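Working notes for the structure below.
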Amino acid sequence: MVLLMLGPVTVSTPVVLTEALILTGGLAAMLVANAALLRVGLRPLDRLTRTMTTIDLLRPGHRLVVTGQAGIGGLIRAFNTMLDRLEAERAASTARALSAQESERHRIAQELHDEIGQTLTAVLLELKHVADQTPPPMRAQLHQVQESTRNGLDEIRRIARRLRPGVLEELGLTSALKALAAEFSTGGLTVQHRLDHCPDLGRDAELVLYRVAQECLTNTARHAGARRVRLVLARRSAAVGAAVELCIRDDGRGLVGAPEGAGIRGMRERALLVGADLTIGPAAGGGTEVRLWVPVPAGERVI
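In our numbering, the protein residues as written are 54 to 356.
This is the structure:
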């Protein structure tokens, strides 16, 4: 159109057909060029829109490359800065929430052990004393009551151990995972394990590994319909540094397109607290595979 305006070409009055076609073609070319320029100029906004609709703070680290004109580039920088702030705030709030959750679990486990557990133990002793002085026809019934009370006491102790993994604090991660595998190897489910001796990861990281394993085994026992679970804790080395990997694989029905529930989101939140990488997907040959990659702190070595 600029060429038409500045060129030596003149337009007749009235406009003849040839001149009308030239003007129409020039106008069409101008519109196509403007549309192409707008498309190129607004492409960064399209990327920004897609990122806004798909971003997940439980999968951090995704940032947009700053491109485009000054205004669009500034908008992308502001968006990246907002993501930095949101991820930091979410990590801090999640840390506080999980710390409060662990404290509450510790308190409940302590009360179950110290109060209800001791009360049931006293009941068992009293039942034994009464049974010893009861005529034989009633003694069998009292023994049945004793057995029911003992089963209830065992269940309370099991719940307390799940709420507060004392073996993790006393004997370490490897022993705690062995005990966890043995606990879930019941009711038709077999948990096989291979546990390497790992470097000191710190209390928080070891608790995250234990809780993720516990959540995976609980989900498998309740929902997967699996018969076998393979639990592996292994030392790894990579270009980015040493790490410890927890891998849990079952032969159940798999995820079958089910949305992530509170348990899986809780595992992702715990992983973020220690800078770990959590992946959940289908296992080779069927079932589900969960991998947790925990970096080893600086100063520790994986041999």
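Even for Gly, the Cβ is constructed at its ideal location relative to N, Cα and C. Remember, it's a predicted structure, so these values are computed and weren't measured experimentally.
How many angstroms separate the CA atom of residue i from the CA atom of residue j?
i: residue 294; j: residue 288; result: 11 angstroms
i: residue 212; j: residue 176; result: 19 angstroms
i: residue 54; j: residue 99; result: Since pLDDT at residue 54 reaches only 48, below the 50 mark, its modelled position is unreliable, and the value read off the structure follows with that caveat. Rounded to whole angstroms, residue 54 to residue 99 spans 29 angstroms at the Cα level.
i: residue 170; j: residue 178; result: 13 angstroms
i: residue 350; j: residue 225; result: 17 angstroms
i: residue 252; j: residue 187; result: 58 angstroms
i: residue 194; j: residue 155; result: 41 angstroms
i: residue 355; j: residue 86; result: Residue placement at residue 355 cannot be trusted, given a pLDDT of 42 that sits under 50; what the coordinates show is reported in the next sentence. Cα to Cα, residue 355 sits roughly 60 angstroms from residue 86.
i: residue 263; j: residue 214; result: 12 angstroms
i: residue 256; j: residue 284; result: 21 angstroms
i: residue 57; j: residue 74; result: Caution is warranted here: a pLDDT of 49 is assigned to residue 57, below 50, making its placement in the model unreliable, and no coordinate value can be reported.
i: residue 191; j: residue 162; result: 35 angstroms
i: residue 336; j: residue 342; result: 5 angstroms
i: residue 238; j: residue 133; result: 47 angstroms
Which residue wins for smallest C-alpha separation from residue i, given the options the options?
i: residue 198; options: 152, 227, 320, 183; result: 183
i: residue 326; options: 343, 261, 304, 189; result: 261
i: residue 129; options: 136, 138, 194, 119; result: 119
i: residue 338; options: 180, 302, 347, 192; result: 302
i: residue 241; options: 281, 84, 202, 132; result: 281
i: residue 174; options: 138, 192, 201, 335; result: 201
i: residue 340; options: 147, 257, 159, 272; result: 272
i: residue 334; options: 191, 154, 300; result: 300
i: residue 150; options: 323, 79, 336, 331; result: 323
i: residue 244; options: 304, 257, 105; result: 304
i: residue 296; options: 331, 316, 314; result: 331
Please list the terminal residues of the continuous alpha helix (DSSP H) segment that includes residue i.
i: residue 224; result: 219-224
i: residue 198; result: 189-216
i: residue 269; result: 256-272
i: residue 179; result: 171-185
i: residue 315; result: 315-326
Please state if the CB of residue j and the CB of residue i are separated by a distance shorter than 8 angstroms.
i: residue 306; j: residue 277; result: yes
i: residue 319; j: residue 268; result: yes
i: residue 248; j: residue 286; result: yes
i: residue 165; j: residue 209; result: yes
i: residue 233; j: residue 266; result: yes
i: residue 231; j: residue 246; result: yes
i: residue 221; j: residue 158; result: no
i: residue 308; j: residue 329; result: no
i: residue 139; j: residue 116; result: no
i: residue 229; j: residue 218; result: yes
I'd like the span of the beta strand (DSSP E) that includes residue i, first residue to last.
i: residue 331; result: 330-335
i: residue 275; result: Note, residue 275: premise wrong, no beta strand (DSSP E); not H, not E.
i: residue 302; result: 294-303
i: residue 308; result: Residue 308 -> no beta strand (DSSP E), and no H or E assigned at all.
i: residue 348; result: 341-348
Kindly give me the distance between the Cβ atoms of residue i and residue j, rounded to whole angstroms, as I take these residues to be in contact under 8 angstroms.
i: residue 347; j: residue 254; result: 6 angstroms
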